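Structure first, then comments.
Number of protein chains: 2
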Amino acid sequence: MTDIKRSRNTELWDFEKEVTTNASESKVIVGVDGGATSTVCVCVAAPHTAYFHEPPPVLARAESSASNRNSVGDAVAKLVLERVLSNVLEKARRCRSAVQAVCLALSGVSSADDKQCFLEWLRGIFPANVKLSVHNDSLAALASGTLGKLYGCVLVAGTGMIVFGVSEDGKTAQAAGVGPLLGESGSGYSIGQHALAVVMRAHDGRGPSTSLSKAILQKLELSSPEEIIGWMYKDYSWARVAAIVPIVKACASMGDPEAVKVLENAVEELAGSVKAVVERLNLAGEDGQKSFPLVVVGGVLENDHGWDLCSQLVYRIKEFCPNVQPIQPKTEPAVGAAMLAWYSIS
Amino acid sequence: MTDIKRSRNTELWDFEKEVTTNASESKVIVGVDGGATSTVCVCVAAPHTAYFHEPPPVLARAESSASNRNSVGDAVAKLVLERVLSNVLEKARRCRSAVQAVCLALSGVSSADDKQCFLEWLRGIFPANVKLSVHNDSLAALASGTLGKLYGCVLVAGTGMIVFGVSEDGKTAQAAGVGPLLGESGSGYSIGQHALAVVMRAHDGRGPSTSLSKAILQKLELSSPEEIIGWMYKDYSWARVAAIVPIVKACASMGDPEAVKVLENAVEELAGSVKAVVERLNLAGEDGQKSFPLVVVGGVLENDHGWDLCSQLVYRIKEFCPNVQPIQPKTEPAVGAAMLAWYSIS
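Residue numbers (UniProt numbering), protein chains in the order written: chain A, 1 to 346; chain B, 1 to 346.
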């Protein structure tokens, strides 16, 4: 009861009064993937083995809005996180005392201070014996592709963009992950923003005309490029700019040179970020021929029948590490976070 | 009295109760230059001639914070504007009834709807016989260089960036002026943001190392590039990013290749924006040899003993219009706005 009182949003945990603990039920582990567009939380059964041979089945899943602290602020991020945590346990009919471990994998969280801040907050919600961990979301994405083994490189290109790598001897390196205002070319936000800038340039004569203009105005339900200005500054959330990416891909697949340029630039920047991490960790070995896993995830890399950005990217990356093993995970990053939670116990 | 009641911030105008109208005093005109970093308001005597042969002397001057609606929002913009208006008249010891004309020249205001919104608000503050006008700030900058004649081209490169042109037959054209998120390369914000991105790239290996890193960290009083992330997202005001420009110029003048690249890119973008307007209005004539005034203003173009961006820019512009007449105004844009106010009467 003490721990429940420490929670700041007590009403979220009211359901626990009605949950009767069944001794035959195994304990659970919880993984959270907090991004700049949405937050996903899964509850999985604690496995009977030390290692995962396949992704664990999901007992319950909850989804909510963005929890990137740089995008929505600390207070909103924590409220969203506590909501998905209570929501997933309510769906799984488990009290917090039935939880063995929780892992938060959060975009926008990089430094030790950032992690400590969320860890202390999480400590106020769960009983003291629950094993807690906080990582950058890229780590959960890596784990989702390697079944929890922390080795290789992961590229997350969603609303934001980050490359994270772990060498065989446990050294780590990161590139990008700095948010859209500090140069994350290749992220969904950046692609959307570049496309909007291209439309404004076409409008005032700084750049050539492009089919992006009509397509984007239609998508945003606006009647002239000037109206994009009001649209852009009325709401600073990053996700709505990233939502333009499929339009850019569609225009590029129809051959629009400006749209193709935006995407080719994104490929170049994404490949350059992977290269920076691979070189710093020497993942491809001295001769550049060594094989290592490269997990690729995020909306920008999804094949949505437009311009195939992912294939172009892999092609470009193989120029500097030909034996890289690209992996598109079969499970979502939140399950990767749950696997990390499990390994934090064992 | 009726008009005073219509004002929403009555206390700002309390001073009027103590101002005694002196019949011998001439009427005044008021000009406001509202930018994304600061707002300047001047009160000048209405001239005895129809045209200005030199900038009118300033009776009173007031300065306040940013009033760019896209940066601070409509409510803050209007409060800042009403404050500088009351402040300048208090300093000049004039009631609103002594004002012949007011011109607001505002950055972030482009469309007819934008102007109408501020015009209606202004109408609620001044007596009905005061002539009111609202323009984009670039028009006041042009007027400050041409003594009120609306012909030629103006480039404003401050925190934001805009190019505005007026042809001899009164046609107008604009380039950029879309705010920093929609592609205003060459603005102070954009230069600062690019420099910060260069520092982040140097830090994680995506780009070469640069003297910008140490210089910018020192300026921001931070100890590592990672801290730039927290600094960037804790406050979205544009002016503090633009304040990095002098550091970039200093590093470039010491030969740092990355700093030089950021500024050369800015020059290219500024020249391209001028070119777009000059071509649309045919300001340089069919043979490109015609002379026309090009007023250049804004902090980015000031010669602060670093890398001389303005000279580089003029050199680049003369490649496509060799007989352009660059003008660095002797008076500030707010006085240009006052001159526009005067011409709106006559």
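Even for Gly, the Cβ is constructed at its ideal location relative to N, Cα and C.
None of these values were measured; they are calculated from a predicted model.
For residue i, which residues from the same chain have a beta carbon less than 6 Å from its beta carbon, with the 5 sequence-adjacent residues on both sides left out?
{"i": "residue 185 of chain B", "result": "269"}
{"i": "residue 19 of chain B", "result": "93, 95"}
{"i": "residue 122 of chain B", "result": "132"}
{"i": "residue 9 of chain A", "result": "82"}
{"i": "residue 86 of chain B", "result": "12, 13"}
{"i": "residue 55 of chain A", "result": "331, 335"}
Cα-Cα, which of the options is closest to residue i?
{"i": "residue 201 of chain A", "options": "B:177, B:206, B:67, B:205", "result": "B:177"}
{"i": "residue 306 of chain B", "options": "B:219, B:254, B:266", "result": "B:254"}
{"i": "residue 43 of chain A", "options": "A:312, A:26, A:69, A:235", "result": "A:26"}
{"i": "residue 247 of chain B", "options": "B:234, B:231, B:218, B:197", "result": "B:218"}
{"i": "residue 138 of chain A", "options": "A:124, A:113, A:119, A:103", "result": "A:103"}
{"i": "residue 331 of chain A", "options": "A:313, A:314, A:303, A:297", "result": "A:297"}
{"i": "residue 37 of chain B", "options": "B:142, B:262, B:161", "result": "B:161"}
{"i": "residue 28 of chain A", "options": "A:39, A:97, A:77", "result": "A:97"}
{"i": "residue 238 of chain A", "options": "A:72, A:46, A:57, A:110", "result": "A:72"}
{"i": "residue 243 of chain B", "options": "B:267, B:69, B:157", "result": "B:157"}
{"i": "residue 191 of chain A", "options": "A:229, A:231, A:240, A:227", "result": "A:240"}
{"i": "residue 229 of chain A", "options": "A:196, A:251, A:40", "result": "A:196"}
{"i": "residue 17 of chain A", "options": "A:111, A:216, A:90", "result": "A:90"}
{"i": "residue 271 of chain B", "options": "B:312, B:299, B:308", "result": "B:312"}
{"i": "residue 250 of chain B", "options": "B:266, B:304, B:289, B:154", "result": "B:304"}
{"i": "residue 30 of chain B", "options": "B:171, B:77, B:84, B:235", "result": "B:84"}
{"i": "residue 144 of chain B", "options": "B:32, B:308, B:265", "result": "B:32"}
{"i": "residue 189 of chain A", "options": "B:181, B:288, B:128", "result": "B:181"}
{"i": "residue 78 of chain A", "options": "A:114, A:46, A:99, A:60", "result": "A:114"}
{"i": "residue 117 of chain B", "options": "B:265, B:75, B:100", "result": "B:75"}
{"i": "residue 126 of chain A", "options": "A:105, A:141, A:99", "result": "A:99"}
{"i": "residue 328 of chain B", "options": "B:179, B:232, B:310, B:234", "result": "B:310"}
{"i": "residue 70 of chain B", "options": "A:105, A:234, A:224, A:169", "result": "A:234"}
{"i": "residue 301 of chain B", "options": "B:252, B:267, B:274", "result": "B:267"}
{"i": "residue 140 of chain B", "options": "B:308, B:260, B:41", "result": "B:41"}
{"i": "residue 128 of chain A", "options": "A:112, A:142, A:101", "result": "A:101"}
Once you ignore the five residues that flank residue i on each side, which residues in its own chain have a CB closer than 8 Å to its CB?
{"i": "residue 393 of chain B", "result": "Since the first residue shown for chain B is 1 and the last is 346, residue 393 of chain B is missing from the structure and cannot be characterised."}
{"i": "residue 2 of chain A", "result": "Legend: pLDDT at residue 2 of chain A = 38, less than 50; position of this residue unreliable, value from coordinates given subsequently. There are no such residues."}
{"i": "residue 35 of chain B", "result": "66, 67, 68, 107, 137, 158, 159, 160"}
{"i": "residue 80 of chain A", "result": "34, 39, 64, 65, 66, 67, 72"}
{"i": "residue 277 of chain B", "result": "153, 163, 164, 165, 173, 174, 175, 283"}
{"i": "residue 226 of chain B", "result": "203"}
{"i": "residue 57 of chain A", "result": "44, 45"}
Please go through the same chain and pick out, in chain order, the residues whose beta-carbon is closer than 7 Å to the beta-carbon of residue i, but skip the five residues on each side of it.
{"i": "residue 198 of chain B", "result": "207, 210, 212, 258, 262"}
{"i": "residue 119 of chain A", "result": "132, 134"}
{"i": "residue 326 of chain A", "result": "294, 296, 314"}
Those runs of the alpha helix (DSSP H) which lie wholly inside the stretch 134–205 of chain A and span at least 4 residues: 137–146, 188–204
Would you mind listing the alpha helix (DSSP H) stretches within the stretch 210–276 of chain B that are 4+ residues and don't spill past its ends, in chain order? 212–220, 226–233, 239–242, 245–253
Proximal residues, the stretch 63–81 of chain B versus chain A, C-beta separation under 7 Å: 70
Taking only runs that begin and end inside the stretch 308–335 of chain B, name each unbroken alpha helix (DSSP H) of 4 or more residues, in chain order. 309–318
If we require 3 or more residues per run, which beta strand (DSSP E) segments fall completely within the stretch 56–93 of chain B? 58–65
If we count Cβ pairs, one from each stretch, closer than 8 Å, do we get three or more for the stretch 277–291 of chain A versus the stretch 160–175 of chain A? yes
Count the C-beta pairs between the stretch 168–175 of chain B and the stretch 54–66 of chain B that are closer than 8 Å, then say yes if the count reaches three, no if not. no
Quick one: which unbroken beta strand (DSSP E) runs of 3-plus residues sit fully inside the stretch 276–311 of chain B? Chain order, please. 293–297
Under 8 Å, with one C-beta from each stretch per pair, do the stretch 148–160 of chain B and the stretch 292–300 of chain B reach the 3-pair mark? yes
To be precise: take each residue of the stretch 299–314 of chain A, compare its Cβ to all Cβ atoms of chain B, and keep it if any distance is under 7 Å. Which residues remain? none
The stretch 262–274 of chain A: positions lying closer than 7 Å to chain B by Cβ: 272, 273
Count Cβ pairs between the stretch 308–321 of chain B and the stretch 205–215 of chain B that sit closer than 8 Å; are there 3 or more? no
Between the stretch 189–221 of chain A and chain B, which residues of the former have a C-beta closer than 7 Å to a C-beta of the latter? 193, 196, 197, 200, 201, 204, 205, 206
Which residues of the stretch 273–299 of chain A have a Cβ closer than 9 Å to any Cβ of chain B? Give them in chain order. 273, 275, 276, 277, 279, 280
Quick one: which residues of the stretch 221–238 of chain B get their C-beta closer than 7 Å to a C-beta of chain A? List them in chain order. 226, 228, 229, 232, 233, 236
Tell me which residues of the stretch 103–122 of chain B have at least one Cβ-Cβ distance to chain A shorter than 7 Å, keeping chain order. 110, 111
Select from the stretch 27–59 of chain B all residues with a C-beta closer than 8 Å to any C-beta belonging to chain A, and list them in chain order. none
Please list, in chain order, the residues of the stretch 156–178 of chain B that have any C-beta partner in chain A closer than 9 Å. 163, 173, 174, 175, 176, 177, 178
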